[in-house]
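Worksheet: one structure, shown below.
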Ligand code: HSE
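Numbering (our numbering), first residue to last: 37 to 455.
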């Protein structure tokens with residue numbers, strides 16, 4: 037590809053403006069923005085008006101444009117734009133995690149068929165260069181687990197609620213004002229956004245494509261004052277954590293849940309809109325990455341880095357995906373959770389495989405115990421309609437056990453008790 041690339045950009049919101057700014061300030065890498073297609077003709081735009089268009093074909097059918105940058109927030113339109121651009125032989129840079137997580141297989145095939153590149157560093161954990169790290173540095177070493185904080189909005193909300201003691205609604209409003217939240221913040225607070233990012237990383241870390249519907253996500257929207265009191269009393273913090281973990285020889289579990297973390301865990305110290313990725317590789321052991329996970333300039337900088345990579349012909353090779361380690365995704369694993377509820381009736385259908393502790397006070401009760409992921413996934417929507425808060429208990433990601441190993445443990449226990 038020419039070293040000076042010609043860009044057609046879709047969207048000029050928070051990330052688009054960030055890219056525009058960092059691109060204009062860049063002294064090394066140069067690119068020309070030929071056109072910016074936006075939706076709303078009534079909005080004033082802080083760019084040269086001659087660049088603006090309202091017709092997507094001004095980019096998609098323009099032979100002078102070799103790279104499409106897709107930064108709109110509607111995943112369906114983004115999918116149509118990205119697909120058409122790839123089919124027209126244009127390289128694409130996108131930050132749309134929902135679109136990527138739902139269409140991986142097809143987008144992978146399109147890249148192979150049309151010999152073009154699709155890059156998306158800005159889609160996952162903002163400015164942390166995690167996709168290229170997994171893709172390049174860890175291209176051969178097996179990854180054991182990947183977890184952390186993949187959503188800036190929720191981490192900002194939790195930090196503000198803990199440090200400044202402001203309420204949930206006010207903290208969310210601030211996160212929206214600062215440009216961290218999605219246009220529909222349900223995606224942030226219910227854990228969908230973090231799940232999409234975890235699944236994007238999963239292709240590069242484990243070579244496995246898992247559909248988002250197969251993966252449990254619960255968020256922080258039902259966090260109550262009793263839960264905050266519990267955390268303060270135990271000197272714990274709450275973080276919204278995606279967990280992707282290899283279990284046994286070839287099983288992979290993945291879920292997104294709020295997690296109680298103690299001072300022993302490095303993510304305890306990650307605050308505001310910062311994200312973190314804690315990665316365990318088979319030979320290197322533990323690695324910890326931290327950086328701004330949301331915001332105009334940090335995400336714009338990640339997109340800039342992809343554009344610069346494109347200018348020297350960079351493509352993801354999806355080595356782990358091609359190597360195919362024959363991993364199988366499973367929800368047949370047990371996790372240790374804290375479940376806070378108001379009336380026993382509300383959780384009567386929830387099957388615990390083990391109860392470690394239960395507590396009851398006049399206004400609320402909680403149970404700490406083990407539940408199977410498949411049980412939680414099946415009941416996710418009905419649980420979410422009640423005033424129930426569920427979180428992975430402290431150290432919970434280390435205590436994930438495959439269902440088959442759980443029964444072995446129980447049998448062994450019975451045998452030894454009989455002896
Ligand atoms: N809403 C997202 C977040 C933006 O808060 O992390 C960055 O992907």
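In this text, a Cβ means the ideal position worked out from N, Cα and C, and glycines have one as well.
A quick note: this is a predicted structure, and the numbers were derived from the prediction, not measured.
The alpha carbon of residue 298 has as its nearest neighbour, out of 43, 208, 411, 429, the alpha carbon of 429.
A contact between stretches requires three or more CB pairs, one per stretch, nearer than 8 Å, and the region 425-441 meets this requirement with the region 263-278. Close CB contacts of residue 233 within its chain, under the 6 Å cut and outside five residues either way in sequence, are with 133, 160, 186 (chain order). Put simply, the region 225-245 touches the region 276-293. At least three CB pairs are less than 8 Å apart. Judged by DSSP in its simplified three-state form, residue 232 adopts helix. Taking the Cβ atoms as the reference, residue 49 lies roughly 16 Å from residue 71, outside the contact range of under 8 Å. A direct Cα-to-Cα measurement between residue 172 and residue 238 gives close to 14 Å.
Residue 206 and residue 153 have their C-alpha atoms roughly 41 Å apart.
Of all C-beta pairs linking the region 80-93 to the region 141-151, fewer than three are shorter than 8 Å, placing the two stretches out of contact. Cβ-Cβ distances below 6 Å link residue 425 to 258, 259, 260, 263, 376 in the same chain, with the five nearest sequence neighbours on each side left out; the list follows chain order. Under the DSSP definition of a beta bridge, residue 171 lacks any partner.
One alpha carbon belongs to residue 380, the other to residue 265, and they sit about 21 Å apart. Between the C-alpha atoms of residue 85 and residue 251 there is a straight-line separation of about 44 Å. Taking the Cα of residue 102 as reference, the smallest distance to any Cα among 89, 111, 123 is reached at 123. Boundaries of the beta strand (DSSP E) around residue 295: 287-297. CA-CA distance, residue 311 to residue 389, rounds to 33 Å. Between residue 332 and residue 65, the beta carbon gap of about 19 Å keeps them out of contact (Cβ cut-off 8 Å).
Considering only 94, 231, 145, the residue with the shortest C-alpha distance to residue 357 is 145. Residue 335 and residue 189 have their C-alpha atoms some 14 Å from each other. Look at residue 328 here: in three-state DSSP terms it is strand.
With the rule of 3 Cβ pairs closer than 8 Å, the region 275-284 counts as touching the region 191-202.
Listed in chain order, the non-local C-beta contacts of residue 169 below 8 Å within the same chain comprise 325, local neighbours out to five positions each way being set aside.
Within the region 325-391, the alpha helix (DSSP H) runs of at least 4 residues that lie entirely inside it are, in chain order, 332-347, 355-359. Around the beta-carbon of residue 224, 16 or more other beta-carbon atoms lie within 10 Å, marking it buried.
The three-state reading of DSSP puts residue 186 in coil, since its state is none of H, G, I, E or B. Between residue 434 and the set 58, 340, 96, 280, the nearest pair of CA atoms involves 280. Annotation for residue 411: 387 place their beta carbon closer than 6 Å to its own, counting only its chain and skipping 5 residues before and after. Here DSSP, grouped into helix, strand and coil, assigns residue 124 to coil.
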